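Participant: So the sequences go chain by chain: A and B. Counting from 275, one number per residue, gives the positions in the first sequence under our numbering. Counting from 7, one number per residue, gives the positions in the second sequence under our numbering. Cβ coordinates follow ideal geometry from the N, Cα and C atoms, glycine included. As the structure is a prediction and not an experimental result, all values here were calculated from the model. Have a look at this one before I ask anything.
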Amino acid sequence: MKTRIFNILLLSVIFFSGCRDVLDLRPLDKLDGETLFATPEGVRVYLANLYGQLPIEDFSFGRLGFNTANVNTGGIAPATQTDDAANSEFSHLLDGGGNFQWWDQGYKLIRDINLLLETIPSVTSLSDADKATLLSEGHFLRAFTYFALVKRYGGVPLITSVQQYTPDVESLKVPRSTEKDTWDFVLSECDAAIEYLPASRTEDNRRATKWVAYALKSRAALHAASLAKYWSKAPLSGPAVSQGLVGLESSLANQYYEICIEASRKIMDEGGFSLHKPTPASPEEATVNYMELFQNPNGAAGEVIFTKGYTNPGSSGHSYDFWFNPNQTSDGAPHPGRMNPTLDFVDLYESYSNPGHSMPIVTTTDGNVTDYNGFNASKTYLRFDTPYDIFKDKDARLWATVVLPGTEWKGKTIVIQGGYIQPDGTPKIETKDQITVNGATYYTYGAADWTNYSGFEVYLGNMTRTGFSFKKFLSPNPVPPNLTYSTTDWIEFRYAEILLNYAEAVVESNYTANGAQATAKDAINAIRRRAGHTVAIELNLENVLRERRVELAFENKRYWDLVRRRDYHEKFNNTIRKALVPVLDLRVSPAKYIFIRKNLSRENPLTFPTNFYYVSIPGIGANGLVQNPQY
Amino acid sequence: MNNAWKLIAQQTIKCMLMLLGSVFLVNQVTGREHQGSGVHQQTNVTGTVRSSSEPLAGVSVSSVANASVGASTNDEGNYSISVSGNDTLLFSFVGYVPQRVAVNGRTRVDVELLPLDQQLEEIVVVGYGTQKRANLTGAISTIQAEEIQTTTHSSLAQKLQGKVPGLQIRQNTGGPGDFDAMINIRGFGSPLYVIDGIVRDGGSEFQRLNPDDIASISVLKDASAAIYGVNAANGVIIVTTKKGNKGKTQFQYNVVVGMQSPTDMPEIANAAQWMEMRNDAAVNAGLPPYISKEELEKYQQGLPGYESTNWYDETMKPWAGQQQHTLSAQGGSEKISYFSSFGFLRDNGLLKSNAIDYDRYTFRTNLTADVTKNLTASVEVSGRYDRKDGAGYSIFDIIRGTISALPTNKPYLNGNTDYPTHITDGQSSNPVAISDPNISGYTQDVNKQFQSAVTLTYKVPFVEGLQLKGLASYDGNSYLNKALTKSYKLYAYDEAADAYNAVTLRHPTVLGNGYSDMNRVSLQAHVIYNTVLADSHNIGATVVYEERNGWTRSSGLSREFQYFTNDQIDMGDQNNQRTSGMESQWGNRSFIGRFTYDYMGKYLFEAAARYDGSYRYHPDRRWGLFPVVSAGWRISEEPFFKDNVSFVSNLKVRGSYGLVGEDAGDPFQYFPGFTTSGGGGYEFSNGSYVSGVAAPSIVNEQLTWFESSIKDIGVDLGLFDGQLNLEFDVYQRDRSGLLAVRNVSLPNTFGGTLPQENLNSDRTRGLEFAFGYAKAIGDFRFNVSGNFNFARTMNVYVERGPFVNSMDRWRNGQANRWSDVVWMYDMIGQFQSEEELLYAPIQNGELGNSREMVGDFQYRDVNGDGIIDGEDVLPLAWGGNPKMFYGLTLGANWKGFDLNMLWQGSGNYSVRFTHAYAETFWGDGNLPAYFYDRWHLSDPYDPNSEWIPGKWPATRRISDIGAMYNESSVWRRDASYVRLKSLELGYSINQQLLQRIGLQGLRIYVNGYNLWTITDPFVKAFDPEQIEGALNTGWVYPLSRSFNVGANLTF
């Protein structure tokens, strides 16, 4: 009996200690590298991580960085840091050179890309051809990443292999390359990408192709060329300059322009791309065509070179519809109306009756378009029956890009009104009030209740303060009023940009080989034709730049165009951006609309100091790098 | 396969050797004992042993000269023993003072034994065993069931608060089912919880235990916790549940019902106050008045259409109910004893919509059976089902709404409940609407717990004092969460059109289900040996092998509803479904040994160690040894003391020193793997999103646990036969290996960050004091007990870069400084005049003092440079964690009446509110009424009128203020408090009376909780004990005061 019990006890000890080792566990949420890189499928999911980190300046890019769709950004889009638009609530434009900071994340991505480049040659399951293609894809990713760095910081450390950690951190420090070497590295990486990338893909058709690499080369070379040409417009000094870490010799300009011209021309001649619906019958048709290009780029395969897709609402979507619908069509989102295109921007568009010129909005009989002092009773204002008649004859793309006062959007008439002039001549502008005239009640903002108008009231920052609301990229359908519910895809490279890059490079370098002048003129007029213009205009810098700004509006190019051409400090020199305020004139019956050109309300004057052309380099103490000028 | 078998064989052999080795060891010890016996000339001595004239049965009578000679008394208290005539007899009996009597040739020796002080004889549950309190050498406190039950609350933590020395408890929030009280021992951190000998769950689960099931709780406060190894560095709380007893079955029914209301809530401004202050804000900013004088007067008079809304009253009830019931049966036959209980608790919430409440059902059965003469088996099974219901918005949002919603708005438009008002005051939504489950949805958390253990204890018959014990336990826990986030409509009224314009919020509706399942298996094998050598050397040895492992699986799923139909997943839309899921597993294996020795209960010594292995760390670095040694000297047992200082019944000095561990960081940090979380993803073709895997970060294979060394020195003093007991301890814990990132300046072009390493260290020091006094005067008995604990933590080594300058060192240095210290401006008063403002140092940066006004707070210019900036802050306040805890219990009994009063307090900490409680018009919402006592113009419509001083600065909006919101003693308040935590009055009805109606006992009582508080008057309105909550807003569920009636019925 006793021994039996003892045996039972002993057996139970053996049973529970012997069956398994409870300590020998492996984490269930980690994969080891050998397993991952053993198959092309594993390589592909690793690539998804790299593409996901790629510094694509799309809907989810802003002051706070990349991939910020699920962050409360206050709806501060890059365009609001330029003269194209203002944010309805926030006036701040530039935060001390820390703007668009992207350093640590950039070098993390470079490390991840280098890991791919070092691993691919040893993956036995891949054919040599597949390896070559994958390596080219890695070079494309690295070119894209260094391009994002060089345009922010100038010359940066070129790190091309995975550094191994050692406590001897000195050996890990890599000095900055010159700005020229960095640009050349970006361009040579583009060449390495072009070499083996396929011309097209049937599966995974949003991964890089030869043409995507050419497009990147076109964009990067144009950037470098303009820097070289215009660097001296805003010269800087200091060790970074004297060591060539920032700055390019003007003599280099034409060489880079030529690279841009060649890369662009390659796409134009051999890429098989075309503008989407190039010959509309009317401006109205052009408006529709242009809108649908951005509402669904997948319907415009001919024009799209490289797309960043958005797919799962609520997790991997973006938030443009959340922030940027006019107040009346917010679908319940709490803070809509954030992107307010400025009058400066609207003024830029051509009218069909006077091709080849920007046509500022004329509001008074004296035709003065430079008086921004607000309502002046002594002036004679032009009176209009509707709040949008004043824009008739303007470029189709204005109607497609901007919600104009009184126009329809998502089934509603968008009311944007800044006040009224009482019958006795008293102006009530940008203040909440109501008046009854001949039995009819009028409201300063166009309606009694805040849910029924979209302009000018200071209410949660939900109303436009420029007189314009934003439309390009927005979905015409209801979108759930939460962050990350928009799934409109983003076109990172499209054919029109290549045409514009080409035209600019040709004009700037006065390039003539290969019939370049005529081809460039055709290029800008092809884009204008698509917008409903039927009269061709001359090839000159002003025309090319206006066309670029209008065509690529809100595609996050304006900020870098101002930087690379060194126009920023001239545009923003104690500058206040402008608004166009529609006002109901009750002095006449029936009431008519007049418009007031004025400085933006609640706006501080903005200045771009020249040192902001380069972003300050973070972590100087640890990385031992030479800081950019004047930081 | 072969390898696996080999491993199993190795494991088995290892364990068998260990077990056999220990048996062999104890056999040797006992063998030696038998050699000591011998034979001498005998006489027969008889006698009777009594206590208070009652005969005592079972008293051990032994010869001092020859320990092997012994006898014991029979039922009449008589004994008979053969000893030599010059021998001395030793009479000893559990619970009585042992007595030595010289025979001196007599043949009859009658003895009267005195009962020992009970407390000293109490059997205390310690790690892997029990010990007599008198023999404890570690700092261990205990509390019994009756003492726990004097306070009524749904959380066990609140029932313990203030009662156990060194057990620091703070109720953070008051929501039903929150169970988020801070529980820590001596300021160390979250302790380890052991329930019936098994490491189980955490603080939240502990707080849910049915207190009616608990027999006692022991708290291991010093290195005696080392026997639990890793994760015992913050001390151990050991709960022992009630067991059966042999005898007639006794049923007990305990019931308590009561009502609870917030201890306090800050009053919020009414419409007239809000309008006056808003008007001030406009005028003070140099703008035209916000409202015309005529309109303002209408608000002040509360004319129709100008009434004030009290949003708190619209949203919340004045009180909510609570009830607790437990029915238990306890008893047993000769071979089997049992305790079995069933409990139910309901805690209702304060929302008018009744969206919040908490229900709990518990059962427990503890069964012990004598299977054979030497083998005992016990089975313990318990379970719990509890459910917490919440609103569709967090309490944070709802409380914010009750504060920030403007008193000029109404919950419903034109009083029509079909049209709840859309408001956005102070970034809040309409609290009446968002707290209504029918409008905005709900949350539900269900927790199901099952715990079980089977224990076999075998008294080895051929070795006296040797026991073998095996224990196997399985616990399961499943957690189910359901959340309906409903889309709803609020309305704005368009007067012109007489239309209600709907605003849709939170579209689309989302329904989510979450599920997780936890499993835990614990296995233990004990070898226990106790013996007495030569009557005076008491030796005990325990060896335990233990392994624990667990696995969990969790998953979540959700669907959207474009059109909401029913709160079922299958009714949701097919698109945009979301799922998640993960499993995890863990394991620990340990070898534990303890050796105790005392010489005649005078010199006490204990050594214990645990060799602990953990799955979390690199295989080469996963085993650690955690030893403790402790010793005590009972001076009161020494003859020189006993004979001279008779009023001291107990005097013991004791000390302990040991090493304990604490898990550091996430598990598997040594493993450099690619992960699917944290990697970007990309849509490689339209509609097909590829989730990426992220590259591994740099790993630290060396990562290991924190190591704590704990020292404790204590004195226990009993006076007047144990009527007054005192305990005093000082202690110090040094932790090393705290995680930090090494300060090597890795260039930020490296593309990665360094992992955490075991670098930093800190030190906690404290003292602890407890006393108890009990006395009976005729029928009247009373007792007083109190405890006090003060502890602070100091950073010792903090990894960081070199200081830039001495200011940097002064301002940012942390090493060798107390932690939880707050730097702030020294507020020296309020500006009394424009002139004073003119000459004051600049305190608002580039704006100078242009925005400062009379009544604004003025700060001290510490460095005298005329500018008040970051260089003028001083370490002026303790942060948010109390450093001092104390409690005082007063109890009395008289003729069936009993009274219990508990005072409890904390000190040396502060609270700091931000947002609506510490800013006027935060988010342009409403503000607390206290701001109404402010500097203001006697006539706001006359800018030249006189300033009337107030307690607060002139009211302004955030955009118009100067430096008045700087951190200072204005906003950060000392929250020290003392409160009457509980008061209970009971009456036990005469037993003879009850027996006539077939009852054995009935006690009825009334009690109250959080009855009265003494603290800073500003803090009082928030309750000083409550935490500030998310973002320091104070928007948390208020703590409650309750009044209850209860009964304990035995039959």
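For residue 830 of chain B and residue 918 of chain B, I'd like the C-alpha separation in whole angstroms.
Facilitator: In a straight line, the C-alpha of residue 830 of chain B is about 12 angstroms away from that of residue 918 of chain B.
Participant: Need the endpoints of the alpha helix (DSSP H) that residue 812 of chain B sits in, please.
Facilitator: Element bounds for residue 812 of chain B: 812-818.
Participant: For residue 81 of chain B, I'd like the list of residues in its chain whose CB is within less than 6 angstroms of its CB, leaving aside the five on either flank, ordered along the chain.
Facilitator: Cβ within range, chain order: 63.
Participant: Counting only C-beta atoms, is residue 326 of chain A closer than 9 angstroms to chain B at any point?
Facilitator: So yes, residue 326 of chain A belongs to the interface.
Participant: Any C-beta of chain B sitting closer than 9 angstroms to the C-beta of residue 339 of chain A?
Facilitator: Closer than 9 angstroms: no.
Participant: Given this structure, state the Cα-to-Cα distance separating residue 900 of chain B from residue 790 of chain B, to the nearest angstrom.
Facilitator: Residue 900 of chain B and residue 790 of chain B: Cα-Cα distance of roughly 15 angstroms.
Participant: Please tell me whether residue 845 of chain A has its Cβ less than 9 angstroms away from any Cβ of chain B.
Facilitator: Chain B contact via Cβ: absent.
Participant: State the start and end residues of the unbroken alpha helix (DSSP H) segment that holds residue 823 of chain A.
Facilitator: Its alpha helix (DSSP H) spans residues 815-825.
Participant: Using a Cβ-Cβ distance cut-off of 9 angstroms, determine whether residue 437 of chain A contacts chain B.
Facilitator: Yes, residue 437 of chain A lies at the interface with chain B (some Cβ there is under 9 angstroms from its Cβ).
Participant: Three Cβ pairs or more, each shorter than 8 angstroms: is that satisfied between the stretch 430-446 of chain B and the stretch 404-413 of chain B?
Facilitator: Contact holds: three or more Cβ-Cβ distances are below 8 angstroms.
Participant: Hey, how far is the Cα of residue 443 of chain A from the Cα of residue 893 of chain A?
Facilitator: Rounded to whole angstroms, residue 443 of chain A to residue 893 of chain A spans 14 angstroms at the Cα level.
Participant: Can you tell which of B/541, B/48, B/174, B/156 has its C-alpha closest to the C-alpha of residue 793 of chain B?
Facilitator: It is B/174 whose Cα lies nearest to the Cα of residue 793 of chain B.
Participant: Hey, out of A/734, A/436, A/482, whose CA is closest to residue 578 of chain A's CA?
Facilitator: Cα-wise, what sits closest to residue 578 of chain A is A/482.
Participant: Once you ignore the five residues that flank residue 657 of chain A on each side, which residues in its own chain have a CB closer than 8 angstroms to its CB?
Facilitator: Correct list, in chain order: 859, 862, 866, 867, 868.
Participant: Output, in sequence order along the chain, the residues in the stretch 868-887 of chain A whose CB is closer than 9 angstroms to any CB in chain B.
Facilitator: The residues in question: there are none.
Participant: Taking Cβ positions only, does residue 962 of chain B come closer than 9 angstroms to chain A?
Facilitator: For residue 962 of chain B, the answer is no, since every Cβ of chain A falls outside 9 angstroms of its Cβ.
Participant: Roughly how many angstroms separate the alpha carbons of residue 540 of chain A and residue 598 of chain A, rounded to a whole number?
Facilitator: Cα to Cα, the separation comes out at about 37 angstroms.
Participant: Is the shortest distance between the beta-carbon of residue 705 of chain A and the beta-carbons of chain B less than 9 angstroms?
Facilitator: Not one chain B Cβ lies under 9 angstroms of residue 705 of chain A.
Participant: Helix, strand or coil, according to DSSP, for residue 890 of chain B in the structure here?
Facilitator: Residue 890 of chain B falls in the strand class under three-state DSSP.
Participant: Check whether the stretch 522-530 of chain A touches the stretch 847-857 of chain A, counting contact only when three or more Cβ pairs, one atom from each stretch, lie closer than 8 angstroms.
Facilitator: Short answer: they don't touch.
Participant: State buried or exposed for residue 821 of chain A, treating a residue as buried only when at least 16 other CB atoms are found within 10 Å of its CB.
Facilitator: Buried, because 16 or more other Cβ atoms sit within 10 Å of the Cβ of residue 821 of chain A.
Participant: Tell whether a beta-carbon distance below 9 angstroms holds between residue 588 of chain A and residue 554 of chain B.
Facilitator: Cβ distance not < 9 angstroms, so residue 588 of chain A and residue 554 of chain B don't count as in contact.
Participant: Work out the CA separation of residue 1053 of chain B and residue 995 of chain B for me, nearest whole Å.
Facilitator: So the alpha carbons of these two residues sit roughly 11 angstroms apart.
Participant: Helix, strand or coil for residue 878 of chain B per DSSP?
Facilitator: Here residue 878 of chain B sits in helix by DSSP.
Participant: Three-state secondary structure (DSSP) at residue 222 of chain B?
Facilitator: Residue state, collapsed to three classes: strand.
Participant: Pick out whichever of B/359, B/333, B/341, B/540 has its Cα sitting closest to the Cα of residue 349 of chain B.
Facilitator: Answer by Cα proximity: B/333.
Participant: Ignoring anything shorter than 4 residues, give me the alpha helix (DSSP H) runs that lie fully in the stretch 763-839 of chain A, in order along the chain.
Facilitator: 769-783, 790-804, 815-825, 832-838, all fully within the stretch 763-839 of chain A.
Participant: Between which two residues does the beta strand (DSSP E) carrying residue 329 of chain B extend?
Facilitator: That run of the beta strand (DSSP E) goes 326-338.
Participant: Please list, in chain order, the chain A residues whose beta carbon lies closer than 9 angstroms to that of residue 965 of chain B.
Facilitator: Those do not exist, as residue 965 of chain B stays about 11 angstroms from chain A at its closest Cβ, beyond 9 angstroms.
Participant: Can you give the Cα-Cα distance for residue 399 of chain B and residue 513 of chain B, rounded to whole angstroms?
Facilitator: Straight-line Cα distance between these residues: approximately 14 angstroms.
Participant: Three or more C-beta pairs closer than 8 angstroms, one from the stretch 136-148 of chain B and one from the stretch 600-614 of chain B: is that the case here?
Facilitator: At 8 angstroms Cβ cutoff, the stretches touch.
Participant: For residue 978 of chain B, collect the residues of the same chain with a Cβ closer than 7 angstroms to its Cβ; drop the 5 residues on either side in sequence, then sort them by chain order.
Facilitator: Excluding residues within five positions, the ones whose Cβ falls inside 7 angstroms are 828, 830, 883, 916, 918.
Participant: What residue does the beta strand (DSSP E) around residue 640 of chain B start on, and which one ends it?
Facilitator: Element bounds for residue 640 of chain B: 629-640.
Participant: Count Cβ pairs between the stretch 598-609 of chain A and the stretch 329-343 of chain A that sit closer than 8 angstroms; are there 3 or more?
Facilitator: The stretch 598-609 of chain A, when compared against the stretch 329-343 of chain A, does not touch it at the 8 angstroms Cβ threshold.
Participant: When you compare each of B/980, B/860, B/267, B/416 to residue 943 of chain B by their alpha carbons, which one comes out closest?
Facilitator: Selected option, being the one with the closest Cα: B/860.
Participant: Tell me which same chain residues have a C-beta within less than 7 angstroms of the C-beta of residue 984 of chain B, skipping the five on either side of it?
Facilitator: Contacts found: 909, 911, 1020.
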